[in-house]
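K.L.:
There are 4 protein chains.
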Amino acid sequence: MRPIELRSDNSAGVPDPILDAIHSANAGSALAYGADEVTARLEARVREVFEHPTARVFPVTSGTAGNALGLSSLSPPWGAVMCHETAHILNAEANATSLLSSGAQMIGLAGDDHQIAVDSLRAALDGAGWDDPHHTQPAVLSFTQPTDMGTVYPIEVISELCSVARASGLRAHLDGARLANAISSLGCAPADVTWRAGIDVFTLGATKNGAMSAEAIVSFDDAASKELVYRTKRSGHVTSKMRFQSAQIEAYLTDGLWLRLAANSNEMMRRLSDGLSALDVEVANRVDANMAFLRLPDEVIDRLEADDLLFYRIAPGVIRFVTSWQTTVDDVDAALDRMSKALHHETATPARAVDPVPAAGR
Amino acid sequence: MRPIELRSDNSAGVPDPILDAIHSANAGSALAYGADEVTARLEARVREVFEHPTARVFPVTSGTAGNALGLSSLSPPWGAVMCHETAHILNAEANATSLLSSGAQMIGLAGDDHQIAVDSLRAALDGAGWDDPHHTQPAVLSFTQPTDMGTVYPIEVISELCSVARASGLRAHLDGARLANAISSLGCAPADVTWRAGIDVFTLGATKNGAMSAEAIVSFDDAASKELVYRTKRSGHVTSKMRFQSAQIEAYLTDGLWLRLAANSNEMMRRLSDGLSALDVEVANRVDANMAFLRLPDEVIDRLEADDLLFYRIAPGVIRFVTSWQTTVDDVDAALDRMSKALHHETATPARAVDPVPAAGR
Amino acid sequence: MRPIELRSDNSAGVPDPILDAIHSANAGSALAYGADEVTARLEARVREVFEHPTARVFPVTSGTAGNALGLSSLSPPWGAVMCHETAHILNAEANATSLLSSGAQMIGLAGDDHQIAVDSLRAALDGAGWDDPHHTQPAVLSFTQPTDMGTVYPIEVISELCSVARASGLRAHLDGARLANAISSLGCAPADVTWRAGIDVFTLGATKNGAMSAEAIVSFDDAASKELVYRTKRSGHVTSKMRFQSAQIEAYLTDGLWLRLAANSNEMMRRLSDGLSALDVEVANRVDANMAFLRLPDEVIDRLEADDLLFYRIAPGVIRFVTSWQTTVDDVDAALDRMSKALHHETATPARAVDPVPAAGR
Amino acid sequence: MRPIELRSDNSAGVPDPILDAIHSANAGSALAYGADEVTARLEARVREVFEHPTARVFPVTSGTAGNALGLSSLSPPWGAVMCHETAHILNAEANATSLLSSGAQMIGLAGDDHQIAVDSLRAALDGAGWDDPHHTQPAVLSFTQPTDMGTVYPIEVISELCSVARASGLRAHLDGARLANAISSLGCAPADVTWRAGIDVFTLGATKNGAMSAEAIVSFDDAASKELVYRTKRSGHVTSKMRFQSAQIEAYLTDGLWLRLAANSNEMMRRLSDGLSALDVEVANRVDANMAFLRLPDEVIDRLEADDLLFYRIAPGVIRFVTSWQTTVDDVDAALDRMSKALHHETATPARAVDPVPAAGR
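Protein chains in written order, with our numbering: chain Y, 1 to 362; chain C, 363 to 724; chain D, 725 to 1086; chain B, 1087 to 1448.
See below:
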């Protein structure tokens, strides 16, 4: 059968406007290491899109780099980064933040729907050993937006958490690996869910939503921006032909491309989850963006796999579906059709070996 | 006038075969983080081109990342990396190696033509405080090939230096930011100047010679390879859509593209330096590859700049020309023509402000 | 009233045999940095006391240094150190392990009595992302013996946990800040609770039990020992007049001094907790060594403080008593007498301001 | 024969007033980790002796710790520390500064008498790649006072160098491993050679001049002081029974003890070098403090060694003599007598094996 890709938005390709931008950037020669015109234009575009006159943008090539460098510009080596206990930065980035910040500690907080609860944050701040050098000092509050479970923080929750954090001297960071999906879901302005809500530095997250190898750190904090000039270089994240990354992100942010791409993945997920509900499949998470976690009998999961539906197994009896900018109505309908058959034992395809599922795939 | 680009091969664009490879990689979906078919094919290609059955390749996105990570896989935190006192890793990579190796020290050695002299190496090894924890322990010998002055190490010199180093327990690393230019200049097999000469780990250096944001670490050392799996990830150098980098490097290494691109830049530099000699311009370095350093009166330099010749000022009275895969015979001849006029005061163009020259541009 | 010291064994002084050893070491001159005779004798003594022919000893000056350096010799930078979720290394050492190991992550495991449960360890090992570079790789299992709650791990529990860990390739570490109290409580040979149970490297923990500024790392693992030679130096933990530390630890380990000192603190705690039980005071922990946590009404706590009983407030309604080698029967009986009065409102002393309690004091 | 100790002041013991202070500190109990009265008194004493109302003092246990932590509080991870090319921090501290600062680079400057020349500093600052992230950014100027060659910087030279450095935004650090010898030699106030000359942070250096395991960082810079609270702890340099170190340093700085001890070593070196001159022995350095480097035929060196004169061989034909607070007139006269005999072949003692000379001994 035709494989249907629902493993990760990371598995998707690159849309034409971004490829076109790469071609355009290839005309003529340019200064290296970001001293080129495309990168200058990108910064102007970021300031316009995020409505912030002094925002700085630092193209990098992975989300892990974006998060770890962004956090390291906000935390001293003896700082603590508070995040949800299921946060990607805590569980799936190989402790990169500790390497690049030279020792900052990540502290996981509890909360429903994979979102930090205000009470958890307050309790952690109350119990921190402030000014006691035996303890790391809370320095940053970090959000994953949307969370790794596909739930989107409401703006007012981010605002409240940022206020609580700021009252104790912390700054705020956002891992926006799927930020466009959150903005599209919230229907808000990009500024509303970032600096207006209290975020100082965030990872823009273009790759999952269509870029090729282009992520970016955006900083609204001048002190962090100054550090990032050096931190990006000394960790090897200043590429010499930066214009090709900048061109991708510029195109991504132009004419709302990023939000249109995200709107598609969100909409396809809505169609998919509606169809799953109609089939009485249990969806374990609140479907706010482009991700669903399903509880299914293992033999149904095996049949789906045998029918070339591509997805990740999260735990026994739990699988994950992720839609992308590339997912089509046909994909969704075909997926639902195979699900229906798998639920009703109608497949005759023998089981076959599947690709190993990377535990950190998201 | 039409600008002639001689600032850096970093300023050049991307040739069609590499762009085509990106387009091909964009078909269908693929697993992220290097678990894709293109990356698997790349490793096979590297093994074939370098004639080494267990070579591993780790795509990264900058030369600094390639060098610092490669070195960190060869040196303990208390190790010393010995290199020429003018080496790029020592002078222009922001001490990235010290960050990513957690403290290794770089020790500069003397030698003519920006190449490590065997006697300097022997003296440094003799004087090292072996087994004395007050001193970092020599762990790696690192070559820049070609050097930042455009000279190419002969194979037998690399072999001899590696032998001396290995006798003291060191492993050998090569910064191949322009490796293809060296191989083209030497007319040797890629294996001859790498593992057959004693190199354990090297940076492949595709970007200056035509790739977009694609460098790679190649390791012939199993212990280093094992570390690199983790070191690349935790420093944020494992991109999620790695297939697009892998595709570039695969194309680069296929059908000798890399060597043809480098042959052009070397040949254009030869034509340029021959022409400069004919004009009695003093070239300060041995022109082995695609780089020339010229001594000129400052007013001549100003006139060249006014005539839209693009180059870097290295010091008062010293400028640098670099040719690239994109440099044409017309470019070279036009540059020589402008040089001739600048030497003979024939220009009437008023001086204009120039771009600031990044000191680390190479 | 006469103050009764029950805050911490850290608050105690230094017994005569250790002071005498310092005086003896002061005769004549000696080579610096551990190349002296006293340090050589110390190593011989450690091998004898721990019945291990190749044990190495590295004098350091704090428990934090001992633990963080010991752990860094057992974990790669991308490793994970598994310990109880209340472990001192995780909660009260300022993430020193992450600094000195260059990024290792500490993972807290659950278990009663502040001791790692075998099931928790198995579950954590099963769920680790083995060989997946997105995840830190479990490398070390670390015990606090006794725990920060004053409970002592039985030898067979340590053995079982070490076996489980070793089967997955981990090595084992022990934070022995109060190791002598554990050995005295268990009545076992020092080897039984260290290498015979599976421990590779441990912190000896002399300071709380009588030394002045003398801790030591003991390693039974040759690879770790080799690293420690360099790791201790480059973190500034090789003192020039090391003989004065070595002399203290030599005296400490000679003729069972360490076990006699610990036996006193354990015995005094037993007398104290028996007396508290007779007064119907609730002791929250199992009293295996020299530490008790009491639940008391806040007004009783205030009265105790007003009566010059020195202790730490751990939380509202919870205080901690620690006895030391210096605690006497008179101290214990006076403490019980004041407790009895405080419980029965007999004190007339007005409340007074107290020293701020360092949260990390232990 | 009676051994005469001239290897290092590190080899000397501890004078009575410091031992007495340890005994006094042993009375009663005290809060741990520096929250004790002795440590509070020490800070008051430092402020008095250095005539600075906000100076902070951080007891540590080694000179390497003092220097590396002090420097790390003055340099960002991407900073450069400028020092003489023979400085101890560059050549004999295992790159500890790079570990504890998370990557700062040390840059050696030239200058006669092992002292930084103003012109070298100016040239290095002019050539630094300011604001260019490819280059580490000059952040600290560090002096060794006296130098490892026993020469003392005149106050006005320190002032001038600090002025030049400060004009470029650098702060100044002093490695005072033998600071008392310098102050005694200069006959100045302690403030004159530290903050009044422009020093922000320095290592006090008590151990070589009589303390047991007691060094200290003194900071006049509030921002550095704030960092040092955390930096000392997380590197394991906050000892629990800190009062014993504080007591030593307090006694050391009381009633001019430190300067009297240093005056003795300086005076004994003067007597020794005068005697050597009278014997026509070539002294290679300017003898400003307690150290002399002698050029002698190797057979003379062998005879001295055979006669139980204890010293270090620095290079073939070069040995080093260091006097200490403990060196007596008898020691000096005996050393001169043996030298005289060795020069005139009068010894009959057969050569014997000598201790290996630690290359980093100073």
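Heads up, the beta-carbon is just placed ideally off N, CA and C, and yes, glycines get one too.
Since the model is a prediction, treat every value here as computed from it, not as a measurement.
Looking only at its own chain, which residues have a Cβ that is under 6 Å from the Cβ of Ala576 of chain C, when we skip the five neighbours before and after it?
P.N.:
So the list reads Ala568, Gln607, Gln610, Ile611, once near-sequence residues are dropped.
K.L.:
Could you check if Pro1103 of chain B belongs to the surroundings of the ligand SAH, using beta carbon to heavy atom distance under 8 Å?
P.N.:
For the structure depicted, the ligand SAH is absent and the ligand set is empty, with no information on it obtainable.
K.L.:
Can you give me, in chain order, the residues of the segment 577-606 of chain C that have a beta carbon less than 8 Å from any beta carbon in chain D?
P.N.:
Glu589, Val591, Tyr592, Arg593, Thr594, Lys595, Arg596, Val600
K.L.:
Going by CA-CA distance only, name the one from C:Leu615, C:Ile451, C:Trp492 that's closest to Leu404 of chain C.
P.N.:
C:Leu615
K.L.:
Assign Glu37 of chain Y to buried or exposed, taking buried as 16 or more other Cβ atoms, counted over all protein chains shown, within 10 Å of its Cβ.
P.N.:
Around the CB of Glu37 of chain Y, fewer than 16 other CB atoms lie within 10 Å, so the residue is classed as exposed.
K.L.:
For Gly1322 of chain B versus Ala789 of chain D, is the C-beta distance shorter than 9 Å?
P.N.:
Closer than 9 Å, so yes.
K.L.:
With which residues is Ser943 of chain D paired in a DSSP beta bridge?
P.N.:
D:Arg780, D:Val925
K.L.:
Consult DSSP for Ala172 of chain Y and reduce its assignment to one of helix, strand or coil.
P.N.:
Three-state result, Ala172 of chain Y: strand.
K.L.:
With a CB to CB cut of under 7 Å and the five nearest residues on each side skipped, what residues in its chain are close to Met1087 of chain B?
P.N.:
Asp1393, Asp1394
K.L.:
Starting from the C-beta of Arg714 of chain C, find all residues in its chain whose C-beta is less than 7 Å away, skip the five residues before and the five after it, and write them out in chain order.
P.N.:
Confidence in Arg714 of chain C is poor, its pLDDT being 44 and thus under 50, which makes the residue's placement too unreliable to answer from.
K.L.:
Could you tell me which of D:Leu910, D:Ala1013, D:Phe782, D:Asp979 sits nearest to Glu951 of chain D, measuring between CA atoms?
P.N.:
D:Phe782
K.L.:
What whole-angstrom Cβ distance do Val81 of chain Y and Ala117 of chain Y have, given they're in contact under 8 Å?
P.N.:
Not really, about 17 Å apart at Cβ, beyond 8 Å.
K.L.:
Taking any Cβ of chain B, which residues in the segment 1016-1035 of chain D have a Cβ under 7 Å from it, in chain order?
P.N.:
Those residues of the segment 1016-1035 of chain D that come within reach of chain B (Cβ to Cβ, closer than 7 Å) do not exist; the list is empty.
K.L.:
Spatial neighbours of Leu294 of chain Y within its chain, please: CB distance less than 8 Å, with the 5 preceding and 5 following residues excluded, ordered by chain position.
P.N.:
Leu276, Val281, Glu282, Val283, Ala284, Val318, Ile319, Arg320, Phe321
K.L.:
The alpha helix (DSSP H) that contains His385 of chain C, what's its start and end?
P.N.:
378-387
K.L.:
I'd like to know if Gln1334 of chain B contacts chain Y, where contact means its C-beta is closer than 9 Å to some C-beta of that chain.
P.N.:
no
K.L.:
Could you check where the beta strand (DSSP E) with Ala654 of chain C kicks off and where it finishes?
P.N.:
653-657
K.L.:
Going by DSSP, what residue range makes up the alpha helix (DSSP H) through Ile813 of chain D?
P.N.:
812-815
K.L.:
By the criterion of Cβ-Cβ separation under 7 Å, what are the contact partners of Trp440 of chain C in chain D?
P.N.:
Tyr954, Arg958
K.L.:
Exposed or buried, which one is His446 of chain C when buried takes at least 16 other CB atoms within 10 Å?
P.N.:
buried
K.L.:
Between the beta-carbon of Gly1099 of chain B and the beta-carbon of Ala751 of chain D, is there less than 9 Å?
P.N.:
yes
K.L.:
Could you check which residue in D:Asp1061, D:Val962, D:Arg995 has the C-alpha nearest to that of Thr785 of chain D?
P.N.:
Taking only the C-alpha atoms, the option nearest Thr785 of chain D is D:Val962.
K.L.:
Measure the C-alpha to C-alpha separation of His707 of chain C and Asn652 of chain C and round it to an integer number of angstroms.
P.N.:
Each residue's alpha carbon lies about 28 Å from the other.
K.L.:
Going by the DSSP bridge assignment, what does Glu5 of chain Y pair with across the sheet?
P.N.:
Y:Leu310
K.L.:
Output the distance between the C-alpha atoms of Asp583 of chain C and Asp9 of chain Y, rounded to the nearest integer angstrom.
P.N.:
Separation of Asp583 of chain C and Asp9 of chain Y (C-alpha to C-alpha, rounded to the nearest whole angstrom) is 34 Å.
K.L.:
Report the residues of the segment 187-217 of chain Y with a CB closer than 9 Å to any CB of chain B, ordered along the chain.
P.N.:
Correct list: empty, as no residue qualifies.
K.L.:
So, for Trp802 of chain D: in the same chain, excluding its five sequence neighbours on each side, which residues have a beta-carbon less than 8 Å away from its beta-carbon?
P.N.:
Gly827, Ala828, Pro857, Thr860, Gln861
K.L.:
Taking Cβ-Cβ distances below 8 Å as the criterion, which residues of the segment 450-468 of chain C are in contact with chain D?
P.N.:
Ser464, Gly465
K.L.:
Going by C-alpha distance, which of B:Val1304, B:Leu1382, B:Pro1162, B:Asp1212 is nearest Pro1139 of chain B?
P.N.:
B:Val1304
K.L.:
Using a Cβ cut-off of 7 Å, which residues of the segment 486-498 of chain C contact any Cβ in chain A, in chain order?
P.N.:
The displayed structure is made up of protein chains Y, C, D and B, and chain A is not among them.
K.L.:
Pick out whichever of D:Arg1062, D:Ala1059, D:Phe1035, D:Val1053 has its Cα sitting closest to the Cα of Ala1118 of chain B.
P.N.:
Taking Ala1118 of chain B as reference, the option from D:Arg1062, D:Ala1059, D:Phe1035, D:Val1053 with the minimal CA-CA separation is D:Phe1035.
K.L.:
Does the CB of Pro508 of chain C have a neighbour CB from chain Y at under 9 Å?
P.N.:
no
K.L.:
With DSSP as the reference, please indicate the residues paired to Ala315 of chain Y in a beta bridge.
P.N.:
Y:Val318
K.L.:
Let me know the secondary structure DSSP gives Cys886 of chain D once reduced to three states.
P.N.:
helix
K.L.:
Quick check on the DSSP output: what are the complete beta strand (DSSP E) runs of length 3 or more inside the segment 1147-1227 of chain B, in order along the chain?
P.N.:
1165-1170, 1191-1195
K.L.:
Please name the residue, chosen from Y:Gly256, Y:His114, Y:Cys162, that lies closest to Gly210 of chain Y on a Cα-to-Cα basis.
P.N.:
Y:Gly256
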